[in-house]
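See below for the structure under consideration.
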Amino acid sequence: MTSCARKEEPARTEEAAPAAAPAAAPVVDPATAATITGKVLFTGTRPVMRPISMDAVPACARQHATQPRSEEVVINDNGTLRNVFVWVKSGLPNAQWPVPSEPVKLDQHTCLYKPRVIGVMTNQPIQIINSDPTNHNIHPLPKINREWNESQPPGGEPKIKTFAREEIMIPVKCNVHPWMRAYIGVVSHPFFSVTGEDGTFTIKGLPPGEYTLEAWHERYGTQELKVTVAPKETKTADFTYKG
Amino acid sequence: MKPDDLDKDPIVDSSLSRPLLVSSVLLVLSLAWALYDEIYAMRPWKSYQKRFQKTYAAFLNTLVPDQAAMEQRIKSSPEYQALDRAVREAEQRVLAEVRRIDEEINRKLTPQIMALNEKFQEVRMEISALTYELETASSEREKNRLRERIARVKQREVTVTLPQPDGSARKLRYTYDQMDRDLREWKDRKAALLQRRVELMAPADELRRKRDQYLADRIPEVSSTVLAGLQRKLENFPIEIRQIHVRDVDLVDRCESCHLGIREPLVLTKAAMGGEAAFISHPNRELLRIHDPERFGCTPCHNGNGIAVSSVTKAHGYYKHWLWPLYKRENFEAGCQQCHAGEIITEMADTLNLGREIFRARGCNGCHRYEGYDREPEELAAVRQEIRQLEQQRAEFEREIKFTIEKGDRARDNAEAQRLYQHADNLKVRISNINARIEQLDIRSRNLLREVKKIGPSLKEVRMKLRKEWLPVWIKDPHQFRPGTKMPTFRLDDEEVRAIAAFIWQSGVTGRLDKQPPGDPARGKESLETRGCLGCHSIGEGAEQMGGTFAANLSRVGEKVNYDYLVRWIHNPRERTLPYCPLERRDLTEEDYRKKGLPFVFDFEHSRCPNDGHELVVQQMTPMPSLRLTLEESRDIASYLMTLRRESAAYPPAPYLDDPKLKARGEFLVRFYGCAGCHEIKGLEEEQRVGTELTAEGSKPIERLDFALLTHKAKKEGWYNHKGFFEHKLRDPAVFDSGKEKPDKLERLKMPNFHLTRQQIDALTTFLLGSVESTLPPRYFYNPTGQKRDIVEGWWIVRKYNCMGCHQLMVGQKTVFDTLPRYQEPDWKEQKPPSLIGEGARVNPEWLMKFLANPAMSTTDTNRNGVRPYLRARMPTFYFSDGEIQKLVRFFEALSSQAQPYIPPRLETLTDRERLMARQLFTSEGAPCLSCHATGDPAHDRRATAPNFLLAKERLKPGWTLRWILDPAMMMPGTAMPSGLFTREGNRWVFAGPLPASFQGYEKDHADLLVRYMFQFTPDELSRLRAAGGTAGGVNGMAMNRTKR
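In the order they appear, the protein sequences are chains A and B. For the first sequence, position 15 matches number 14 in numbering that gives the first Met the number 0, and the numbering has no gaps at all. For the second sequence, position 757 matches number 756 in numbering that gives the first Met the number 0, and the numbering has no gaps at all.
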C-alpha cells in the first residue's frame, strides 16, 4: 500500500509506508492486493494564471528570475492536471490502518509551498521546512482539525506536525506572504495519491473490492468514480476535468 | 318468640367469636397495611436509595479496572518512573539522619518530657494555689508565711522516673527549678529536631508533589484512590432522608433523597446509571459551584415541593395544591430569572437569554411593561424627577441664605453673627455642588433623549420611503410578505387595513429628498456582503437565507421602497426629515427655523428647539448605525437592493390612502392596537402601553389567567398552569377567544400573532415563568455592585446595538460572520471583525472612549476603519451618547477585571542601544512585523493585514501586548498573528529568528524590549522606521552597528 505523490519529496513516504504496513495490518493480504492507477486529464481552454507580485518582499522576489505565476492550476505538458488529490472515499473495510512514521515534507522554498498539495494519514507526521531567507508562518485553516499558526524564521528548526482527524482538504496559508497556498489531505487510511508532473496517480495495496474514488482539485472541485478491483488486479481509472 | 329464646342469656349464649375474628383479621390487615405503607408505599425514596447504591456500585466497578490499568500504564512510563526514583533517592539521602531524629524524638525526648512534665505540673499547681492565697491574704504576716511556704515547695525534691531509650528507667531527684530548666531544654531540642526534619524532607516532599501531580494531570477524571473512597462510602450507605436545610430561609429540600448522584464527583449519565435519569450528576457543575446547594438548596432554582418525599408527583409539585411545580426541561432556566431579573444576558442561561432578547427585540415591551426593559425612558423620567428635586432644594437653600444673613445682621453679638454668616456661606457652597449635579443630570437627560430607540421604523417617513400600494399589503399580514419578520400579524379585516393604512399614509411628513443617479448593483452586492450589513440583516429566503436575524430580511425590499430614500438611509439611517420637539409635541418644519432667522440645520451640534430651546430629537430612533459609506457606495448597495424583488408580486392600486374620511377611524385603530409601542407615529409620540404588565406574570394567581372556555379542556389535558397558558397564548394569541361570542371586534383579544417557532415559544415561556414576585430573601438576588454591575449594564447596550452580530464577546459565542459561507474561505477568514474577548485588558480605556465615539479615528477621513483599514467590514458609527460610551468602556474593563481608572504602568526607559536594536529587529526580514502591520504610510498600508502598531502606544496596554506577542493563539485561536516568535531561554524570552548583530551580549528579555520600544515611540523614530520601510533596511543593513554599546 502507499501514500504516494508524484513529487520527489513525498515519494519517500511511498517507500516507508509498505515497510510499516504488513506487520500491523492483516487486513490486506499482499497476495491479493490490487492497484488502481490512472490519469487526470484536462480538456478545454487552459486558464491564464495571474502573476504573483513579490516586489514587496525582496527576499522572495530575488529567488525568481522571471515573475512567478499562481500555481492554482498547473497543466502538464502531456495535457494532464497536476496537484489533484485522489483518494478512496468509501468501500474500504472498517480497519485500523497502520500509520507510517516517515514524515511527509512540506517545504517553503522560493516563497512557495513545495509541493502545493500533499496527502498524509491521520497522525502521520508532516515535516515543515523553511528553505527561504525570510520568515514564514504556517497557518493551516482546517474546518475539522485544530487550527494553529506558527512562525518559522529563516534557518529555523523544521516543524513536525500531525492532524488527528480525516479532512479533505486543509488549506494552508502564510499570513506574511498572502500568495502562498498549500493543501493537505488528511485521510484515515493509506489509499491516496497526488498527481504530479505526469498527471498520474497510483493507489497500491488495496484489498479487492468495490470503491468510490474521489479526485479533488482546488479550483475544479471534486469528481467521483466507482471502481471494482479483483484480487491482484491493476485497474485504470481516469478522471477528466474541463477548463 | 320461642320459649327457648327466653332461656338463652344473650351474654352467655351469643358468640362474639365471629366479630372478634373479623375485627382481629381487620386489625392484622391494617397493621400489615400500615407496616407496608410505612416501609414501602410512603417511602418510595428507600427503593431509590437501594437502587442507587446498586447501580452506582456497579458503575464504579466498571471504572476501577480501567482506572487501575491507566494508572499502571502511567506509573510504568519512564517519566513517572524517573520522578518516582527521584522521590526515593531524595528520601534515601536524608533517611539516616531522619531516622536518627525520629529515634531521639520518639524514644527519648517525648517520653521523658511527658514523665517529667507530669511531676512538674503537680508542683506547679501547688505553687499556683499558694500564690493565689498569697495574693488574697489580708495581713502582711500571713503573706510572709505563704512566701516562705512557696520557697519551701520550690526547694522540695521530688523523685521522677525517667524512661530511657534502652527501655530501662532511671530515678532522679529534682527540685522545681531543675525540672523547669530540663523541660525547657528538652522541648527546645525537640522543636529544633522537628524543624530540621521538615527541612531535610522538603526536597523529597516537593518531588513527591511533582510526581503525584504528574499522575493527576494524566488521569482525566478521578484517581483510583478517589474511586476506592467512593466504593467505601457506598458500602456503608445509610438508607435515610437526605435533606438540605437552610436555616435563615427556612428552606428544607429533600430532593437528594432520590437524586443521589447530583453532587457526586464523577459524571453520571442516564446510561451509566442503568437508564435512571433520577441518578445523574448535575449537568452543570460550574452552576453548582456558584450556587452551593448548602446555601441555595434546590427548589429556589428548580421549583417543586422540596419537603415532599411521598411520591414523585408530590415532590415535583405536579398537583393542584402546589403553586410552584418543578420547571420542565425546556424551561428550567426560568429559575435563573427570578434572581437575575436585572440582566439581559446571564451566563450559562442560553434559553433564558433568548427569551429576554425576543421580548426586547420583538417589541413585546412596546405593549407590555416589564421592569427594566424600558431603561432609557424610565431613566429619563427619573433624571427629570431628580432635577426637579434638586432645583427645589436649591431654591430652599437660597431662601435660607437670605434669612440667615438678615438674622446675622441683626444678631446680638459678633459670635452669633459670625456663626450665621458661616452657615450662609456653607449653604452657598452646597448650592455650588447642587449646580454641578444638575449639570451632570442635564447632560444625562440630553444623552437619554438620544438613547431612546424604537423597535420598528418611524412611520412619519412613510410618504418618502415607501411605495404607496405596498402599505396595505404589509399591514394585512407582514409575515405573508416577509416570513419571520419582527412585525406581528394583527387580526384585521379589510376595512380596518384600509383605515389604518390611510391614517399612517396621511400622517407622514414630507421634506427634502435628493434625487439619486443609479449605482452599480454588482458592486453593491459585494459591499452588502462584505461591509457588515449581514451582521444584522439577512438576505435570501428559506434555505438560501444568510446573515443575522437582528434586523430585517432584505429579500423583497425592492418591492417596497423608494430608491432615493433608500440611498439616504444606507448613507446614514439616522438622518431625519424633520426634528421633533418633545415639549411642543410636534415635528418642526423649515418654517419654524425661518421665523427665527435660523438655517434649517438640526444635528447633535444644533439640537435645541428654535422656539423654546428644548432638546430636540434630531435623529431617527433606529439602532441602525452609519457605516460611513460614500454616497457612491450607498447608491451601489441601494441599486442592488432594488433588484431584490419578486416580479410576480402584484399590488392593487390604493387610492383610498389619500381619503381624508378614513383618517379618524385609522387613528382610533392605531391607538387601539398600540402601534405606537414600536413605531414613531405623528401625534402619538407619548402614547401609553395597551397591554398588561408582565414583570411578575409568572406568579399571577392562576385564576387571573383567563383560560376562558378552554379551562375545562386545559384541566383535562393537564395544561391548566402558567406554562400551558403562556405556550398556548404565544402559539396562537387568539386561542382564548375560541368559542366566545364577541360580535364587537374591539372586545376580542388584540394581541397579534408573532408566528414564533417552537424554540422561541420555549424561550419566551421560560422568561415569563421566571418572571415572578419572588418570595426568596434578598440575599439570593443578584444585585451586583462595582465591576459586576458594570458588566450587567454593558450587556444591555451590547444587545441594543447587536455588537455580537459581528464581535465575539463571550467565550464560545459565534458571530454572524462565522456562519456566512464567504467567511469560511481561507482568504476571508481573517476578514472577520475582531474578537473582543479580553478587550478591556487589551486597550487603553481613554483610547477606547475615543474610538467608540469615532471609529474612523478622524473627522475628515471617515470612509475607513480607524484601526483596521484592511478589513472590508466596517466598524460603524453608532452615535453613542457619552453615557453609553462610559458604560461600554466600563463594561470592557470590568469583563477583564481591570483596575479603574487606568494608570499606564511605567516602563523602563530604552537606552540608545536598545532603541537601535529594536528598530533593527522590527525591520529585519527575520521579524516580519512590518510585513503585516500597518504603519500609517499609505503605500505600505495598501498591503497591510494587521492593525497599525504605531498606534500601540496610545491604544494598547503593555502587559497585554507582551502576552499577545508571546502567544497570540492563546487569546484568539485562528488569528493571523503567528505564535512561536519567541522561545524561552533560561528565564527570558528570546526572538526565535536570526538576530541583528547588535543583540550580541544583550542579556535582557527580547519580547519585553520590543514592547518597551512600541510604547516609547516618538515621531522621530517613526520617520526613521518608515525610512527603513520594513523591507529595505533588512538583515544587510544591520551589522554595522554591532559594536555600539
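All residues carry an ideal CB built from backbone N, CA and C; glycine is no exception.
Which residues, in order along the stretch 40-59 of chain A, keep a beta-carbon less than 7 Å from a beta-carbon of chain B?
Residues A55, V56, P57, A58.
Would you tell me roughly how many angstroms separate the C-alpha atoms of P868/B and S857/B, rounded to the nearest one?
So the alpha carbons of these two residues sit roughly 12 Å apart.
I need the boundaries of the beta strand (DSSP E) containing F816/B, first residue and last residue.
Neither: F816/B is in no beta strand (DSSP E) and is coded neither H nor E.
Leaving out the 5 sequence neighbours to the left and right, which residues in its chain are closer than 7 Å to V11/B when beta-carbon positions are compared?
Answer for V11/B: no residue qualifies.
Alpha carbon to alpha carbon, how far is T621/B from N75/A?
Looking at the two C-alpha atoms, the distance is approximately 58 Å.
How would you list, in chain order, the residues of chain A whose beta-carbon sits under 8 Å from the beta-carbon of E984/B?
By Cβ distance, chain A contributes nothing, its closest Cβ being about 14 Å from E984/B, past 8 Å.
Quick check on G596/B: does DSSP put it in helix, strand or coil?
Three-state result, G596/B: coil.
Please give me, in chain order, every unbroken run of the beta strand (DSSP E) with length at least 3 that falls completely inside the stretch 962-1031 of chain B.
Here the runs fully enclosed are 981-984, 987-990.
Report, in whole angstroms, the separation of the C-beta atoms of D881/B and I442/B, which I expect to be a contact under 8 Å.
With a Cβ gap of about 7 Å, D881/B and I442/B count as contacting.
Per DSSP, H216/A forms a beta bridge with which residues?
BP columns for H216/A point to G220/A.
Quick test of your reading: L233/B and Y55/B, contact by CB under 8 Å. State the CB separation rounded to the nearest angstrom.
Contact holds; Cβ gap of about 6 Å.
Within 9 Å (strictly less), CB to CB, does P967/B reach chain A?
Yes - at least one Cβ of chain A is within 9 Å of the one on P967/B.
From the DSSP output, in three-state form, read off L661/B for me.
The answer is helix: DSSP assigns L661/B an H, G or I state.
Can you give the Cα-Cα distance for P977/B and S76/B, rounded to whole angstroms?
Between P977/B and S76/B, the C-alpha separation is close to 34 Å.
Going by alpha carbons, who is nearest to T974/B out of W963/B, R983/B, E984/B, F981/B?
Closest by alpha carbon: W963/B.
Can you pull the chain E residues whose beta carbon is under 7 Å from the beta carbon of R942/B, in chain order?
No chain E is part of this structure, whose protein chains are labelled A and B.
Looking only at C-alpha atoms, which of L626/B, L668/B, A762/B, Y639/B sits nearest to D349/B?
Measuring from the Cα of D349/B, the nearest candidate turns out to be A762/B.
Report buried or exposed for I38/B, applying the criterion of at least 16 other Cβ atoms within 10 angstroms of its Cβ.
Exposed is the call here.
Please compile the residues from chain B whose C-beta is within a distance smaller than 7 Å of the C-beta of E209/A.
Within chain B, no residue comes near E209/A; the closest Cβ sits about 33 Å away, beyond 7 Å.
Would you mind giving the Cβ-Cβ distance between R871/B and Q830/B, rounded to the nearest angstrom? I have them listed as a contact below 8 Å.
That belief holds up - the Cβ atoms of R871/B and Q830/B are roughly 6 Å apart, short of 8 Å.
Any idea what DSSP makes of F191/A, helix, strand or coil?
Residue state, collapsed to three classes: strand.
Less than 9 Å between the C-beta atoms of A360/B and F549/B, yes or no?
For A360/B and F549/B, yes; Cβs fall inside 9 Å.
Under 9 Å between C-beta atoms, does P92/A make it to chain B?
No - not a single Cβ of chain B is within 9 Å of the one on P92/A.
Return the bridge partner residues of N129/A from the DSSP annotation.
Per DSSP, Q107/A.
Is DSSP giving T235/A helix, strand or coil here?
If DSSP states are grouped into helix, strand and coil, T235/A belongs with the strands.
For R106/B and P164/B, I'd like the C-alpha separation in whole angstroms.
Whole-angstrom Cα-Cα distance: 5 Å.
For the stretch 124-171 of chain B, list the alpha helix (DSSP H) runs that are entirely contained and at least 4 residues long, ordered along the chain.
With a minimum length of 4 residues, the continuous alpha helix (DSSP H) runs that stay inside the stretch 124-171 of chain B are 139-154.
Check the Cβ-Cβ distances between A15/A and every residue of chain B, and say whether any is below 9 Å.
Low confidence applies here, because A15/A scores a pLDDT of 38, under 50, leaving its location unreliable; read the following figure in that light. It does not; no Cβ of chain B falls within 9 Å.
Does P598/B have its Cβ less than 9 Å from a Cβ in chain A?
It does not; no Cβ of chain A falls within 9 Å.
Helix, strand or coil for E614/B per DSSP?
Residue state, collapsed to three classes: strand.
Within 10 angstroms of the Cβ of M969/B, are there 16 or more other Cβ atoms? Answer buried if so, exposed if not.
By the 10 Å Cβ count, M969/B comes out exposed.
Excluding five sequence neighbours on each side, which residues of the same chain lie with their C-beta closer than 6 Å to the C-beta of E166/A?
Same-chain partners within the cutoff: P141, I143, N144, V185.
With a threshold of 8 Å on Cβ separation, who are the neighbours of C366/B within its own chain once the five nearest residues in sequence on each side are excluded?
Same-chain partners within the cutoff: G673, G676, R688, V689, G690, M750.
Taking 7 Å as the limit between beta carbons, can you name the residues of its chain near Y562/B, skipping five residues before and five after?
Result list for Y562/B: Q515, A637, M641, in chain order.
Relative to chain B, which residues along the stretch 144-158 of chain A have a C-beta separation below 7 Å, given in chain order?
Listed by position, the residues of the stretch 144-158 of chain A near chain B (Cβ gap below 7 Å) are E146, W147, N148, E149, S150, P152, P153, G154, G155.
Using a Cβ-Cβ cutoff of 8 Å, what residues of the stretch 828-841 of chain B are near chain A? List them in chain order.
So the close ones are K828, E829.
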